[in-house]
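Student: Chains as they are written, first to last, in my numbering: chain A, 3 to 111; chain B, 126 to 541.
Ideal Cβ positions, reconstructed from N, Cα and C, are used throughout, including at glycine.
Pasting a structure below so you can have a look.
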Ligand SMILES: [Zn+2]
Ligand SMILES: [Zn+2]
């Protein structure tokens, strides 16, 4: 299960060196996998995908500007067509909040 | 499943039967409690007042004569299906009106059967039993305190099924669960709760402008002695999309406390069990809530409008994804405009089975962990408190093992 989690987090096409490095993070990966599974703090309703919409009268513009060569990123810089701004829990899932939670509930009983 | 293209929709925009006196000013109001009666609501056949939802049939049932009936579909009664594209300005159900701060939360009714004074605490219910004659009193007329909404979506998932789903959800998360939680967990304590939502239809025009990139080539270049990297060529385009968009049934929880979805709450899991089949909501009747608890709406349209606007824009942004497939490297919008032409707000109670567990930290502050089940679809999501000593220790062991394996991989891989 741990190996599966580590593999899942690397993706399939990392080079062997990077794949080796992921093992050095395995404890952290394990922690976050379990935390996510138990607390589900990242779960939310995907309103942007689940809401029924009807679009009409669409006008499109697609004008070629220029070709770009030798880019090192696989995706466009600053692409935001997938962004979501209206979620009710966008920022609260911070590392800071997690540390506070661990501190508060480290005791048993 | 929804008949958007249905041509024979000659009901036009929902003309409210009782038009407000000055149609040019303020929102248009759909009167949703025109026939509502407070006090004793009686079985039409035998006159008894003990009436409750039969989850199996989705109808109201008389406890005595077993007669069953239901209230009309809210979509049909209020014309909610029709004319989102024709909405102009703000239209709202009368049960969505602003809460008047002085409006009473605890209301007193006179029992018309025996004359006794009966108190209904609208924070958790819109019904109470008369202590003297045992009749049930209902509050169905809308008082501006947020207790009576425009419509209700009755439970259709039985409690036993919710209990089973919660038990299964927690069973899969036992090993790292907090020991006290493990000891005290009892899914039979699940409560049926009607939570307040605002359901909004939006008619808008969207205009997005920006740039997009389409990959034309990818290749490998060598950098330095024995390292290589991937490079990409792409065509850059100016991209624009302008369109009319109808957003149907955007729902936002309308309780202040539930809107807080930070890490010190687990309200986000309740949000995650949506969607609800809102098209099956019916006009409000307190008898649907008999045996369940409810939470009063305590926010107004003005409080929720910024969230609805932001979510409408998200919905519009995603609605044009299909037209952007060519831009496989993505699109960067510089300008995103959403001109809202009309909105229709309707308040609703939606059904949720809730298991709650109260956990108090050593600083005295506490978190309520919920496992929530959608009272219609059975979708389940929850939060289980963690045994951090056990999780941290196990993570440390995993980390140590990972370092050993990683070192071996590095040594072997580095030599090649
Ligand atoms: Zn009856
Ligand atoms: Zn009485």
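How would you write the range of the beta strand (DSSP E) that residue 473(B) sits in, first residue to last?
Tutor: Here the beta strand (DSSP E) through residue 473(B) covers 455-485.
Student: When every heavy atom of ligand 1 is checked, does at least one fall within less than 8 Å of the C-beta of residue 258(B)?
Tutor: Flag unset: Cβ of residue 258(B) not near ligand 1.
Student: Of all the residues that make up the region 358-385 of chain B, which are near chain A by a beta-carbon distance shorter than 7 Å?
Tutor: So the list reads 358, 359, 360, 361, 362, 363, 364, 365, 366, 367, 368, 369, 370, 371, 372, 373, 374, 375 and 384, given in the order they occur along the chain.
Student: Quick one: does residue 438(B) have its CB under 9 Å from some CB of chain A?
Tutor: Answer yes: the Cβ-Cβ gap between residue 438(B) and chain A drops below 9 Å somewhere.
Student: What's the call for residue 349(B), buried or exposed, on a 16-neighbour Cβ count within 10 Å?
Tutor: It is exposed - the Cβ of residue 349(B) has fewer than 16 other Cβ atoms within 10 Å.
Student: Given a cut-off of 9 Å, decide if residue 245(B) and residue 238(B) are closer than it, judged by their beta-carbon atoms.
Tutor: In this structure, residue 245(B) does not lie closer than 9 Å to residue 238(B) by Cβ.
Student: Name, please, each residue of chain A whose Cβ falls closer than 8 Å to the Cβ of residue 444(B).
Tutor: Neighbours of residue 444(B) on chain A, chain order: 55 and 57.
Student: By DSSP, does residue 52(A) sit in helix, in strand, or in coil?
Tutor: Correct three-state label for residue 52(A): helix.
Student: Inspect the beta-carbon positions of residue 444(B) and residue 77(A) and report whether they are closer than 9 Å.
Tutor: Their beta carbons are not under 9 Å apart, which means residue 444(B) does not touch residue 77(A) by this criterion.
Student: Contact between the region 284-299 of chain B and the region 269-276 of chain B is defined here as three or more beta-carbon pairs at a separation below 8 Å; is this criterion met?
Tutor: Output reads no: the region 269-276 of chain B does not touch the region 284-299 of chain B.
Student: Using CA coordinates, which residue listed in 521(B), 365(B), 211(B) and 503(B) is at the minimum distance from residue 402(B)?
Tutor: Out of 521(B), 365(B), 211(B) and 503(B), 503(B) has the C-alpha closest to the C-alpha of residue 402(B).
Student: Counting pairs of beta carbons, one from the region 365-374 of chain B and one from the region 46-62 of chain A, are three or more of them closer than 8 Å?
Tutor: As far as the Cβ criterion goes, the region 365-374 of chain B touches the region 46-62 of chain A, which means the pair count is three or higher.
Student: Does chain A have any CB closer than 9 Å to the CB of residue 481(B)?
Tutor: No - not a single Cβ of chain A is within 9 Å of the one on residue 481(B).
Student: Would you check if the distance between the CB atom of residue 273(B) and the CB atom of residue 293(B) is smaller than 9 Å?
Tutor: The answer is no: Cβ separation not under 9 Å.
Student: Report buried or exposed for residue 146(B), applying the criterion of at least 16 other Cβ atoms within 10 angstroms of its Cβ.
Tutor: Because the pLDDT of residue 146(B) is 45, which lies under 50, any placement of that residue in the model is unreliable, and the question is left without a value.
Student: Between the Cα of residue 438(B) and those of 74(A), 82(A) and 39(A), spot the shortest distance and give me the residue it belongs to.
Tutor: Considering only alpha carbons, the answer is 82(A).
Student: Let's see if you can read the secondary structure: which residues bound the beta strand (DSSP E) around residue 448(B)?
Tutor: Premise fails: residue 448(B) is in no beta strand (DSSP E) and is neither H nor E.
Student: Could you compute how far the alpha carbon of residue 510(B) sits from the alpha carbon of residue 306(B)?
Tutor: If I take the Cα positions, the gap works out to 7 Å.
Student: Taking just the CA atoms, how far does residue 461(B) sit from residue 332(B)?
Tutor: For residue 332(B) and residue 461(B), the distance between alpha carbons rounds to 6 Å.
Student: Taking just the CA atoms, how far does residue 325(B) sit from residue 542(B)?
Tutor: Because chain B spans 126 through 541 in this model, residue 542(B) falls outside it and cannot be assessed.
Student: Which same chain residues end up closer than 7 Å to residue 174(B) when comparing Cβ atoms and leaving out the 5 residues on each side of it in sequence?
Tutor: Result list for residue 174(B): 165, 166, 167, 260 and 261, in chain order.
Student: Using only the alpha-carbon positions, how far apart do residue 90(A) and residue 393(B) sit?
Tutor: Roughly 8 Å between the two C-alpha positions.
Student: Expressed to the nearest angstrom, what Euclidean distance is found between the alpha-carbon atoms of residue 34(A) and residue 25(A)?
Tutor: When rounded, the distance between both Cα atoms is 15 Å.
Student: Would you decide whether residue 43(A) is buried or exposed? Buried here means 16 or more other CB atoms lie within 10 Å of its CB.
Tutor: Result: buried.
Student: Under 9 Å between the Cβ atoms of residue 328(B) and residue 212(B)?
Tutor: Yes. Within cutoff.
Student: Among residues of its own chain, excluding the 5 on either side of residue 196(B), which ones have a beta-carbon nearer than 6 Å to its beta-carbon?
Tutor: Only 407, 408 and 410 meet the Cβ criterion.
Student: Would you mind listing the alpha helix (DSSP H) stretches within the region 376-460 of chain B that are 4+ residues and don't spill past its ends, in chain order?
Tutor: Qualifying alpha helix (DSSP H) stretches, in chain order: 381-384, 392-396 and 426-444.
Student: Look up residue 225(B) in the DSSP assignment and say whether it is helix, strand or coil.
Tutor: Looking at residue 225(B) - three-state DSSP - the assignment turns out to be coil, as it is neither helix nor strand.
Student: In angstroms, rounded to a whole number, what distance separates the CA positions of residue 386(B) and residue 345(B)?
Tutor: Looking at the two C-alpha atoms, the distance is approximately 45 Å.
Student: Shorter than 8 Å, the distance from the beta carbon of residue 243(B) to the closest heavy atom of ligand 2, or not?
Tutor: Yes; taking the cut-off as 8 Å, the Cβ of residue 243(B) has a heavy atom of ligand 2 nearer than that.
Student: So, is the C-beta of residue 106(B) closer than 9 Å to a C-beta in chain A?
Tutor: No answer is possible for residue 106(B): it lies beyond the span of chain B, which begins at 126 and ends at 541.
Student: Identify the continuous alpha helix (DSSP H) that holds residue 304(B) and give its terminal residues.
Tutor: That run of the alpha helix (DSSP H) goes 304-309.
Student: List, in chain order, every chain A residue whose beta-carbon is nearer than 8 Å to that of residue 203(B).
Tutor: Those within 8 Å of residue 203(B) in chain A number zero; the least Cβ separation is about 18 Å.
Student: At a CB-CB cut-off below 9 Å, which residues of chain A make contact with residue 302(B)?
Tutor: Residues of chain A passing the Cβ test: 40.
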